[in-house]
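Numbering (this note's numbering), first residue to last: 4 to 253. Where is the CB? At the ideal position from N, CA and C, for every residue including glycine. Since this is a predicted model, take the numbers as computed values, not measurements.
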Amino acid sequence: MESQIKEVSFATFKSKYFNKLNKPQCFPPCIGEICGGWTQETFKQVIVKLTKNGKAPIQLWLSSPDEIEPISKKIYVRQQVFDIFDNIGCGRIDTMDLISVLQLASNSKVELTVLNFMKIFGFVQKIFTKDEFHFYLDSLFSGIMASGILNGDRNPHPDFRGARVLSEDIESLVLDIFEGEEILERDLFSKRFLEHSELGPMFIYFQGCYTACSKYLKQKAMELIHLNTAIRIWVYEWVKAAVVQSEGEA
Numbered sequence: 004m005e006s007q008i009k010e011v012s013f014a015t016f017k018s019k020y021f022n023k024l025n026k027p028q029c030f031p032p033c034i035g036e037i038c039g040g041w042t043q044e045t046f047k048q049v050i051v052k053l054t055k056n057g058k059a060p061i062q063l064w065l066s067s068p069d070e071i072e073p074i075s076k077k078i079y080v081r082q083q084v085f086d087i088f089d090n091i092g093c094g095r096i097d098t099m100d101l102i103s104v105l106q107l108a109s110n111s112k113v114e115l116t117v118l119n120f121m122k123i124f125g126f127v128q129k130i131f132t133k134d135e136f137h138f139y140l141d142s143l144f145s146g147i148m149a150s151g152i153l154n155g156d157r158n159p160h161p162d163f164r165g166a167r168v169l170s171e172d173i174e175s176l177v178l179d180i181f182e183g184e185e186i187l188e189r190d191l192f193s194k195r196f197l198e199h200s201e202l203g204p205m206f207i208y209f210q211g212c213y214t215a216c217s218k219y220l221k222q223k224a225m226e227l228i229h230l231n232t233a234i235r236i237w238v239y240e241w242v243k244a245a246v247v248q249s250e251g252e253a
């Protein structure tokens, strides 16, 4: 049965998630299987796939795990990620919630991360609008609540998965940045955004946690590969020695 979308205040979101994410793993492993080790350049290549080489807009909704295929070839990963972001049980996910999280987890300097989210959520080069920024914050906050693992937990918090920050609270943050203007040059927007007393430290914190988690999960995956390889070699050598011993006894 489909649930109603829950709305929370920005103050509630901030108190629950800012400086409260689990370390070193702050999002589920299936997300790490997609973006583990990504850079912003890797992320841009994924966007190219999603937009069919820039010939089509990004779909705002994905209606099945198969539609995540441009991002991941692994069927079980697509299903797990779809389940995480289908957080109100409606059988579809908000593409931009997922995109905002994957972009946040792609390693780069903070300034480049800001520039790239403006490119993805913006429609005109060199400027960023109030509506585009509102759209980004809505997607980012929702994406973090869908995927973020809090201190001491193993999974995203069930009370916040599927929640969205109140539109009027997001609008207040947008007005703080734009100061009565409708559009800003991207360089000026980036400066105001990162210097904002609440959004700047919060964004830097989330970007740091998500990129660190991406690296951590990539390292864990590599360690598992090395362990499995070592076990296979050990089994092979053990079987080989057993065969040699058996032939010698014969």
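Assigned exposure category for residue i - 16 Cβ within 10 Å defines buried
i: Val242; result: exposed
i: Leu105; result: buried
i: Asn90; result: buried
i: Phe163; result: buried
i: Leu178; result: exposed
i: Pro31; result: buried
i: Gly92; result: exposed
i: Ile3; result: Here the chain has residues from 4 to 253 only, and residue 3 is not among them.
i: Val84; result: buried
i: Asn22; result: exposed
i: Ile78; result: exposed
i: Gly151; result: buried
Cutoff 7 Å; reference residue i; Cβ partners in own chain excluding five residues on either side
i: Ile50; result: Ile123
i: Phe181; result: Lys133, Leu187
i: Ile74; result: Ile37, Val49
Residue(s) in a DSSP beta bridge with residue i
i: Ile61; result: In the DSSP output, where bridge partners are listed per residue, Ile61 has none listed.
i: Asp97; result: Trp64
i: Ile186; result: Thr132
i: Leu24; result: Leu153
Terminal residues of the alpha helix (DSSP H) in which residue i lies
i: Lys52; result: 43-53
i: Gln83; result: 78-88
i: Gly35; result: 32-38
i: Ile173; result: 170-181
i: Asn119; result: 113-124
Selected residue, minimal CA-CA separation from residue i, among the options
i: Thr54; options: Ile78, Lys194, Gln28, Ile102; result: Ile102
i: Pro60; options: Met99, Phe46, Ile78; result: Met99
i: Ser200; options: Ser12, Ser170, Lys9, Lys17; result: Lys17
i: Leu118; options: Ile87, Gly211, Gln43; result: Gln43
i: Asp141; options: Gly94, Tyr79, Glu171; result: Glu171
Any chain C beta carbon closer than 8 Å to residue i
i: Ala215; result: As a matter of chain content, chain C is missing from the structure shown, which is built from one protein chain.
Contacting residues, own chain, Cβ-Cβ under 6 Å from residue i (five flanking each side not counted)
i: Met4; result: Summary for Met4: the model assigns pLDDT 41, below 50, so the residue's position carries little reliability, and this model does not support an answer.
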